[in-house]
Amino acid sequence: MYSFYKNTSLQNYKRYIVIGSLAFICIIGFSMIIDFIQNVKEDIKVELSPNNIKNIEKPILKTKNPHENAVRLMKYLTDIYGKKILSGQQIDWDSGWESLELDAIYKETGRFPAIIGLDFMEYSPSRVERGASSVDTEKAIKWWEKGGVVTFCWHWNAPTGLIDKKPDQNWWSGMYTRSTTFDFTKGLEDHKSIEYQLLIRDIDAIALQLKRLQEEGVPVLWRPLHEASGGWFWWGSKGPEAYKKLWRLIFERLTEYHQLKNLIWVWNGLDKNWYPGDDVVDIIGEHAYLEKHDYSPLEEEFKKAQTYTEENKMIALTENGPIPDPDILLEKEIAWLWFCTWCESTIIDRDGKNYSQEFTEGCMLRKVYNHEYVITRDELPNLKKYPIN
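According to the working numbering, the stretch in the sequence shown is residues 904 to 1292, in order.
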């Protein structure tokens, strides 16, 4: 499936889409056959002017002596920033080896996203001791070998203090503030406390998975402790100062004690007061869930993210519902580094078998994945050999 461009007004949001050898014009969700044309994706240069983005001259990772593949990935991200946007899709953590979201996207567009989002949630010790298991590490290795990029979050099930009461305080919802009595500030204040020992135990459990990825040469866009300022997760329940200390504890434990060199640190705390510092953040992450079929460029969210720090950092849309229209991104000069659509019902139907048009219509999905401004997996360079200099 490819895009076919003609002299079309961006204000009318018209786009020619080719399916097989049929061209369709998508206008406000409707389609009609207009012509038979050749399947050729035109090599049209599309990029933003520099007016609305910070100049990222030299990618310097905050991890000391980073893995060369992390450096290569960061260099590539810097090279495309403001020129392209990477497509991304979160994968359901409970789907085993299946990737229903990827299957649905491929059936609809003929392409795979450049990035897949995975989750270390099921590796949390309080879940493992209750029988949880995951193959997300293996999925990440497999995706990297196929030429893709991986990002990981961690829905950190509280180490202890799980309330485990129905209907909404179950043990498996232990990442939520409402579902646990765990007070992590006690661990931050007293390194001899059981709370500190449990924090370290859990961080070390995730370090084992990150080490496996490092051994396979997989760089990770690492997004821990996300959405903290909202307060709905326990790591955001004690205010910004405690949160920033916890972020630094994770950073130091992983990079210094465990000597992990493959991490690109993505901060997604959503509020300037919660920003842990330029020395422990590589990329700014922001997210938004708009109303169904709202393909706005999230201009306010992008500009808000630009205020988090004075240092030049790239900004990614680390979670989204409907996918922003790339034409409007270009028109408004909103330079998201990547988008990563959330999983399950955001992208697939309730049966998990087909693409769901509930949030992003199929017409828009095809447009996005076949747009010159959007990079899909098949368009990524060989990131194992990407030039660093």
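We treat Cβ as the ideally placed atom computed from N, Cα and C, and that holds for glycine.
Using 10 angstroms around the beta-carbon of residue i, count the other beta-carbons present and answer buried if the total reaches 16, otherwise exposed.
i	result
residue 1068	exposed
residue 1004	buried
residue 1272	buried
residue 1178	buried
residue 1101	buried
residue 1206	exposed
residue 969	buried
residue 1303	Summary: the structure shown does not reach residue 1303, with the chain confined to residues 904 through 1292, and so no result is reported for it.
residue 907	Reliability fails at residue 907, whose pLDDT of 26 lies under 50, so the model's placement of it is uncertain and no value is given.
residue 1280	buried
residue 1162	exposed
residue 980	buried
residue 1355	Missing from the structure shown is residue 1355; the chain here goes from 904 to 1292 and no further.
residue 1290	exposed
residue 1288	exposed
residue 1026	buried
residue 963	exposed
residue 1133	exposed
residue 1269	buried
residue 1254	exposed
residue 1111	exposed
residue 1187	buried
residue 1214	exposed
residue 1097	exposed
residue 1256	exposed
residue 1264	buried
residue 1208	buried
Starting from residue i, trace the alpha helix (DSSP H) in both directions and tell me its first and last residue.
i	result
residue 1006	1003 to 1012
residue 1243	No alpha helix (DSSP H) contains residue 1243, which is instead part of the beta strand (DSSP E) from 1242 to 1244.
residue 971	971 to 983
Start and end of the beta strand (DSSP E) containing residue i?
i	result
residue 883	Because the chain here runs from 904 to 1292, residue 883 falls outside it and cannot be looked at.
residue 1034	Here residue 1034 belongs to no beta strand (DSSP E), and DSSP marks it neither H nor E.
residue 1051	That residue, residue 1051, is in no beta strand (DSSP E); it is neither H nor E in DSSP.
residue 991	991 to 993
Only counting the same chain, and skipping five residues up and downstream in sequence, which positions put a Cβ closer than 7 Å to that of residue i?
i	result
residue 1142	none
residue 1292	none
residue 1071	1081
residue 1149	1087, 1091, 1128, 1138
residue 1282	none
residue 1175	1210, 1211
residue 1099	1090, 1093
What residues in its chain sit with their C-beta under 8 Å from that of residue i, if we drop five residues either side in the sequence?
i	result
residue 1201	1189, 1191, 1193, 1220, 1223, 1227, 1237, 1239
residue 1130	1136, 1139, 1171, 1172, 1173, 1190
residue 1104	1028, 1062
residue 1153	1106, 1127, 1128
Skipping 5 residues on each side, what residues in its chain have a beta carbon closer than 6 Å to that of residue i?
i	result
residue 1284	none
residue 1064	1083, 1084, 1085
residue 1088	1141, 1145
residue 1262	1195, 1224, 1225, 1249
residue 1158	966
residue 1066	1072, 1082
residue 1115	1040
residue 1002	994
residue 1232	1200
residue 1235	1200, 1202
Report yes if the C-beta of residue i is less than 7 Å from at least one heavy atom of the ligand PLP; otherwise report no.
i	result
residue 1261	Because no ligand of any kind appears in the structure shown, any question about the ligand PLP cannot be addressed here.
Round the Cβ separation of residue i and residue j to the nearest angstrom and send it over; I've been treating them as touching at under 8 Å.
i	j	result
residue 1128	residue 1054	Contact doesn't hold; Cβ gap of about 14 Å is too wide.
residue 1317	residue 1011	The chain is shown only over 904 to 1292; residue 1317 falls outside these bounds and no answer can be derived.
residue 1051	residue 1007	About 17 Å; that fails the 8 Å criterion.
residue 1060	residue 1014	Wrong, their Cβ atoms sit about 34 Å apart, outside the cutoff.
residue 1185	residue 1167	5 Å
residue 1277	residue 1019	15 Å between Cβ atoms; not a contact.
residue 1164	residue 973	7 Å
residue 992	residue 1243	7 Å
residue 1023	residue 1046	The pair is not a contact, with the Cβ atoms about 15 Å apart (cut-off 8 Å).
residue 1286	residue 1033	Not quite, the Cβ-Cβ distance comes to about 37 Å (not below 8 Å), so this is no contact.
residue 1151	residue 1183	6 Å
Query raised in the report: Counting only runs that start and end within the stretch 1066 to 1151, where is the beta strand (DSSP E) found for 3 or more residues in a row?
Result: Whole beta strand (DSSP E) segments, 3+ residues: 1123 to 1126.
Query raised in the report: Which runs of the beta strand (DSSP E) fall wholly inside the stretch 1142 to 1227 and span at least 3 residues, in chain order?
Result: Taken in chain order, the complete beta strand (DSSP E) segments of 3 or more residues contained in the stretch 1142 to 1227 are 1166 to 1170, 1186 to 1191, 1218 to 1223.
Report task. Counting only runs of 3+ residues fully inside the stretch 1226 to 1281, write out the beta strand (DSSP E) ranges in chain order. Result -> Complete beta strand (DSSP E) runs here, min 3: 1242 to 1244.
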